[in-house]
Amino acid sequence: MPETLAVVNCSQLVTLVGAKRARTGGDLRQLAIIEDGAMIVRGEYIEAVGRRREIEKLIGDQCELLDAGRRVVMPGFVDAHTHPVFAGIRANEFEQRASGATYREIAARGGGIRSTVRATRNASQNDLVKAGKRYADWFLRTGTTTVEAKSGYGLTLEDELKILRAIKALNDETPLRYVPTFLGAHDLPSEYKSRRQTYVNLVINEMLPRVAEEKLAEYCDVFCEEDAFTTDETWQILSAARCHGLGLRVHADQLSLSGGAKVAAELNAATADHLENTDPTGIAALKAAKVQPVLLPGSVYALGSNRYPAARQMIDAGLGVVLATDFNPGSSPTPSMPMILSLACTQMKMTPAEAISAATINAAYSLGRGDEIGSLEKGKRADFVIHEASDYRELAYFFGIEHAWRVYASGILAFSRGVSEARA
Ligand code: NIG
Ligand code: FE
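Counting from 1 along the sequence shown, just add 61 to a position and that's the residue number in the numbering used here.
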């Protein structure tokens, strides 16, 4: 008999229960909050959610009680765009940018993604898992229970497989859930500088078949950008990926209006990510093709830019907006979804409720897991967080602090704040 746990005494149980699809328009503001709510968890899954009085009747003798202490209880964040497996860090480039260099200038002189590729190629799978565990702890302690995880710092068959196997190991060995994405087309490796199509062919003919055969990825992504892959190359790679049964995601219009959003729409991708430079035509194309935009304000902030994606226009157009960290060692070194909520509200004028929907249920749908995670309801995974707050808006309002007090992934305690840090 699996163990049961009753979560009681919540100030707000933010359930996100609603239509069984990504939320759009006014529905983004409906968090389905139960004041003074309670929840029963049996093993890995949620058994009941409701008002305290209804739930109390269901609490049996064997049930362990978890007193939330009048705190907010919410689904774990679903971070739908991360690059969490890499070797080395790039604090040197951060310092150069602080002194005036741009991300593109640093990349053009051999830094950027290529510098992380050099370090990652030199690392063993074990080294990558070890580094990845440190970041897994960071995700969990900020309240994230699922991450989409991209490869892309190997750019050879063996190095890409090594990263994807490290992601699999992290999924098996940590409480964090990883949804793997193959990003062999993250950058053109310097050794292929004058042989672009040869590299594209390598991705299509050698990497993709192995990744699919070994079931190492659920999605394929391409960095579609002037400095990386053209729309035509993106098209070639993603069409091949679709033939292997992979879902599609695109790094689109990040540094320029590269046409990535249009390609994502034409290919019916699950998501188009970044979109800092997408124009109204691109937004309309995403809407027509039901592609979800994944907005990454952490990378805009960390690159010292002020060109945030047009979140309000996307919401007005009826798109199922998603927010994610883009955690990576270059453009967005943060694992913190609460930081992203803050940026979404202050810089993109999303409301706290819209931001929370984008960071949970909409992110879950963008990963094809809307029926499993992203809200607190019967039958879903017991991925929930008790935050040190009595009102959900505090998560976006107080910034630069860690809110999570207890984090549960599939019913297992994955992070607990130390006694000295807890509210008396
Ligand atoms: O999403 N744009 C491409 N990829 C990452 C950056 C990776 C890096 O700088 O290492 C991004 O911002
Ligand atoms: Fe990215």
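Ideal placement from N, C-alpha and C gives every residue a C-beta, glycine not left out.
Own chain residues within Cβ distance below 7 Å of residue i, not counting five before or after
{"i": "Leu-201", "result": "Pro-236, Leu-237, Val-468, Ala-475, Phe-476"}
{"i": "Gly-308", "result": "Glu-279, Tyr-280, Ala-331, Gly-429"}
{"i": "Arg-170", "result": "none"}
{"i": "Gly-365", "result": "Arg-158"}
{"i": "Val-361", "result": "Glu-337, Arg-368, Tyr-369"}
{"i": "Glu-32", "result": "Any property of residue 32 remains undetermined from this structure, which presents the chain solely from 62 to 485."}
{"i": "Gln-186", "result": "Lys-223, Arg-226, Ala-227"}
Exposure label - residue i; buried when at least 16 CB within 10 Å
{"i": "Thr-342", "result": "exposed"}
{"i": "Glu-36", "result": "The displayed coordinates of the chain run from 62 to 485. Any statement about residue 36 would go beyond what the structure contains."}
{"i": "Ile-422", "result": "buried"}
{"i": "Phe-459", "result": "exposed"}
{"i": "Ile-174", "result": "buried"}
{"i": "Glu-115", "result": "exposed"}
{"i": "Leu-126", "result": "exposed"}
{"i": "Arg-442", "result": "buried"}
{"i": "Arg-399", "result": "It is Pro, not Arg, that sits at residue 399 in the sequence shown. Buried, by the Cβ-count rule."}
{"i": "Glu-415", "result": "buried"}
{"i": "Thr-143", "result": "buried"}
{"i": "Asp-122", "result": "exposed"}
{"i": "Thr-259", "result": "exposed"}
{"i": "Ala-485", "result": "Note that Ala-485 has pLDDT 45, beneath the 50 cutoff, so the model's placement of it is unreliable and the number below is only indicative. It is exposed - the Cβ of Ala-485 has fewer than 16 other Cβ atoms within 10 Å."}
{"i": "Ser-317", "result": "exposed"}
{"i": "Pro-63", "result": "exposed"}
{"i": "Ala-152", "result": "exposed"}
Whole-angstrom C-beta distance between residue j and residue i, which should lie under 8 Å
{"i": "Ala-289", "j": "Val-311", "result": "11 Å between Cβ atoms; not a contact."}
{"i": "Thr-163", "j": "Arg-103", "result": "Contact doesn't hold; Cβ gap of about 53 Å is too wide."}
{"i": "Val-68", "j": "Ala-129", "result": "6 Å"}
{"i": "Ser-72", "j": "Arg-131", "result": "4 Å"}
{"i": "Leu-269", "j": "Ala-302", "result": "6 Å"}
{"i": "His-448", "j": "Gly-98", "result": "His-448 to Gly-98, Cβ: 14 Å. No contact."}
{"i": "Thr-339", "j": "Asp-314", "result": "4 Å"}
{"i": "Leu-218", "j": "Glu-267", "result": "5 Å"}
Cβ-heavy atom distance, residue i to the ligand NIG, below 7 Å
{"i": "Phe-243", "result": "no"}
{"i": "Asn-389", "result": "yes"}
{"i": "Gln-157", "result": "no"}
{"i": "Phe-284", "result": "yes"}
{"i": "His-464", "result": "no"}
{"i": "Ser-393", "result": "yes"}
{"i": "Thr-412", "result": "no"}
{"i": "Ile-174", "result": "yes"}
{"i": "Gln-315", "result": "yes"}
{"i": "Ser-300", "result": "no"}
{"i": "Thr-85", "result": "no"}
{"i": "Thr-206", "result": "no"}
{"i": "Ser-360", "result": "yes"}
{"i": "Thr-177", "result": "yes"}
Which of helix, strand or coil DSSP assigns to residue i
{"i": "Val-75", "result": "strand"}
{"i": "Arg-113", "result": "helix"}
{"i": "Arg-467", "result": "strand"}
{"i": "Lys-194", "result": "helix"}
{"i": "Gly-308", "result": "strand"}
{"i": "Tyr-453", "result": "coil"}
{"i": "Ala-425", "result": "helix"}
{"i": "Thr-205", "result": "strand"}
{"i": "Tyr-280", "result": "strand"}
{"i": "Pro-370", "result": "coil"}
{"i": "Met-100", "result": "strand"}
{"i": "Val-352", "result": "coil"}
{"i": "Tyr-253", "result": "helix"}
{"i": "Phe-496", "result": "With the chain covering 62 to 485 only, the question about residue 496 has no answer from this structure."}
{"i": "Lys-323", "result": "helix"}
{"i": "Phe-147", "result": "coil"}
{"i": "Tyr-214", "result": "coil"}
{"i": "Gly-87", "result": "helix"}
{"i": "Gly-343", "result": "helix"}
{"i": "Asn-232", "result": "helix"}
{"i": "Met-375", "result": "helix"}
{"i": "Val-68", "result": "strand"}
Residues of its chain near residue i, where Cβ-Cβ distance is below 6 Å and the 5 sequence neighbours each way are ignored
{"i": "Ile-224", "result": "Val-146, Ser-212, Gly-215"}
{"i": "Ala-246", "result": "Val-264, Val-283, Phe-290, Ile-298"}
{"i": "Met-135", "result": "Val-75, Val-446"}
{"i": "Val-383", "result": "Ala-141, Gln-353, Val-355, Ala-419, Asn-423, Ala-424, Ser-427"}
{"i": "Gly-359", "result": "Thr-386, Asp-387, Ser-393, Thr-395, Ile-401"}
Check: residue i C-beta below 7 Å from any heavy atom of the ligand FE
{"i": "His-305", "result": "no"}
{"i": "His-142", "result": "yes"}
{"i": "His-448", "result": "no"}
Residue i at chain C interface by Cβ criterion, 8 Å
{"i": "Lys-211", "result": "Among the chains in the structure shown there is no chain C, since it carries only a single protein chain."}
Cβ shell of residue i (< 8 Å), same chain only, five flanking positions each side left out
{"i": "Tyr-196", "result": "Pro-145, Phe-388, Pro-396"}
{"i": "Asp-444", "result": "Pro-136, Gly-137, Thr-206, Thr-207, Arg-238, Ile-434, Tyr-469, Ala-470, Ser-471"}
{"i": "Leu-189", "result": "Val-146, Phe-147, Ala-148, Thr-181, Lys-223, Ile-224, Ala-227"}
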